[in-house]
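Sequential numbering of the sequence shown, starting at 1, is according to UniProt numbering. Virtual Cβ for every residue (Gly too), placed ideally from N, Cα, C. Nothing here was measured: the structure is a model prediction, and the numbers come from that model. First the structure, in the form of structure tokens, and then the observations on it.
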Amino acid sequence: MSQELLHCPQCNMNFDRYTRTPQMLPKCGHSMCMRCIKESCKIICPEDGLLQPTDLTLYPINQAVLRIICKSQDIDITWNLDKLQQCPQHHKQLELICIDDRCRICANCALFGIHKQHNIQNADYVNKSIKDNLIQTQNLTLTIQDKIKQLKLPLINKKIHDQIRLCIKQQQTLAEEQFKEIINQILIKQQKVLEDIEQKYKQLEDQFLKKETLTITSIIDKADLWILGSNQKIQEFYEAKENGEIPYSFLIQESSNKQGNQILEEIDDYLLKFQNNLQDIISAIPTFNQYEQVYFDEPNILKDLSIIEQSFLKEIDEQPPHNEFLGSSLPESTCQSQISSNNISQNTISPQQPHQKRASQQYAQVSPKILSRQQSASPKKPVVKKKLNPKIESILFNCNGDYLDLSQQELGDDGIMLLEEQIRNKKIKIIKLMRNRISDVGAMKLMELHCQVLYLQSNVITEKFLDLIMNAIQKQIQIHIKTVYLGQNLINQFRVKKKIEDLKKLGISIQI
């Protein structure tokens, strides 16, 4: 290789393995030393004048040139050490080196001279040691230079940005799963409300049509009869006129016309009342607030929306998700959100305001069934002890095996309390309770059962549930359940990773 390739064309200094490493220009393939590249405002190749990019990470080391440089330096070292001379005192070759005095000596100097009992090494061994140490230092220098490139701030920022975007995607996926179930429930409720509205107003339409048909038929019968008599008298008038006779029948027409005027007034009165009746139909349509009282007698859907929103946003503010890139030094808040069972499993209608009561009573004229249901929720009546609905009672009565599935039964925490009383003595190994609005309180009550596996996906259980299990174990409360499935709940899988591992060591497997 030509010697011109071993020096930088910009500064004409020789390439080395330290500050003037040969860096390959990305657009043309020529080489410049790293010092010239760093010191240049605009990097332009001195060979062909091409403007190069400013990103220094795009300039790799020219390994071919570097290997030649390293090899030539190794030859120089070897030549210096191998250029043997003769000892001026003993006239022998200086094939040994005194490490203590840092000089070359002969064998007699080492055995009998002033270097006796010094640290004496063979010249070949010293040559090899120096060469090995040099290569090691050179390699270490190159490695450090390469590692420094990874400490570029834009690169670090990009890695942080990519990791945060990953956390955002994971959190958004968890939120979408929670809201998907809520949206499905809202759509089902919406369809039911629309069907109820159509059914009730069709009944109202039938009532109005029946009533108006009877009234109109009566008026038309009277009018037809009067018109028939009038047409007959008119015909008699023209016949009498043709015969040159006097139509005496019209001399006594006053009473007949009076009857016709009464029929006309009756028609006008009906049309006026009919318009008023149409306005009554419009005024009977409930407002949105009245619909909310009538149809949304179970406000859990709207409460679940608020709970999920508060849970996801609060856990991001108080406790960012742990990951290996960001490290474990992020502050971990001790504040935990505890969801009350009343917020999740409320099954009663909230008390109405006075104006809402009046609106409901007005609407009850159209739908007596709705009014009776609202009156049944009045707090004045004595409280009846809650019971499981007949469908669940039937399932429990017929359950004699190891498996019980009560998914999508809208049990809530109150229902779980009743359920636990009835099955605590049954030998059931697997219990499925997905989509039942179960919170931490209800889930912890289920941990008192003697089953082995619990399926609690798609409920409203939080991280606090895992803390309650750990507290129960620390208090030496015996827990028989070995596996709990908690997918699609209000739990951040990144935050509870350590807790899941701790519970697994204690014999309880948590699957998310």
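With distances taken between CA atoms, Gln185 lies nearest to Gln408 out of Ile477, Gln408, Met447, Lys427.
In the structure shown, His91 falls within a coil segment according to DSSP collapsed to helix, strand and coil. For the pair Pro22 and Leu66, the CB atoms are nearer than the 7 Å cut-off. Judged by their CB atoms, Ile473 and Lys445 are not nearer to each other than the 7 Å cut-off. Distance from the Cα of Leu404 is smallest, within the candidate group Leu6, Asp16, Lys159, Ile431, for Ile431. In summary, Asp55 is exposed, with fewer than 16 beta-carbon neighbours lying within 10 Å of its beta-carbon over all protein chains present. Sorting His450, Glu421, Cys33, Glu410 by C-alpha distance to the C-alpha of Leu433 places Glu410 at the top. Between Ile144 and Val126, the C-beta gap is not smaller than 7 Å, which leaves the two residues out of contact. Residue pairing by DSSP puts Cys98 in a beta bridge opposite Cys103, Ile120.
Three or more beta-carbon pairs drawn from the region 464-484 and the region 498-506 are found closer than 8 Å, and the two stretches are therefore classed as touching.
Close CB contacts of Tyr18 within its chain, under the 7 Å cut and outside five residues either way in sequence, are with Thr141 (chain order). Per DSSP, Leu466 is one residue of the alpha helix (DSSP H) stretching across 464-474. When secondary structure is reduced to three states using DSSP, Gln422 falls in the helix class. By the Cβ neighbour-count rule, Ala64 is exposed, with fewer than 16 other Cβ atoms within 10 Å of its own. Each of Met32, Asn489, Ile510, Pro88 was checked against the Cα of Met470, and the nearest Cα belongs to Ile510. Residue burial annotation: Thr173 is exposed, with fewer than 16 other C-beta atoms found within 10 angstroms of its C-beta. Between the region 485-499 and the region 169-183, the count of Cβ pairs shorter than 8 Å is three or higher; the stretches touch. For Cys33, the enclosing beta strand (DSSP E) begins and ends at 31-33. By the neighbour-count criterion, in which 16 or more other beta carbons inside 10 Å mark a residue as buried, Arg20 falls on the buried side. Of the residues assessed, Thr462 falls on the buried side of the cut-off, its CB having 16 or more other CB atoms within 10 angstroms. Within the region 422-456, the complete alpha helix (DSSP H) segments of 4 residues or longer fall at 440-446, listed in chain order. Rounded to the nearest angstrom, the Cβ distance from Gly412 to Asn436 is 7 Å, consistent with a contact under 8 Å.
In the same chain as His480, and ignoring 5 residues on each side of it, the C-beta atoms closer than 6 Å to its own belong to His450, in chain order. Here Gln478 is exposed: its Cβ has fewer than 16 other Cβ atoms, across all protein chains shown, within 10 Å. Residue nearest to Asp440 within the set Gln457, Cys28, Arg424, Gln452 is Gln457 (criterion: CA-CA distance). In this structure, Asn12 sits away from Ser31, with a CB-CB distance that is not shorter than 7 Å. Shown here, Tyr248 sits in a helix according to DSSP, grouped into three states. Around the C-beta of Gly244, fewer than 16 other C-beta atoms lie within 10 Å, and the residue is accordingly described as exposed.
Contact between Met24 and Pro60 is confirmed by a C-beta separation of about 5 Å, below the 8 Å threshold. Under the three-pair Cβ rule at 8 Å, the region 117-136 does not count as touching the region 151-167. Bounds of the beta strand (DSSP E) holding Gln511 are 509-511.
The continuous alpha helix (DSSP H) containing Val193 extends over residues 153-242. In the DSSP assignment, Leu404 falls outside any alpha helix (DSSP H) and lies within the beta strand (DSSP E) extending over 403-405.
In this structure, Ile120 sits near Ala110, with a CB-CB distance shorter than 7 Å. Classified as buried, Gln52 has 16 or more neighbouring CB atoms from the shown chains inside 10 Å of its CB.
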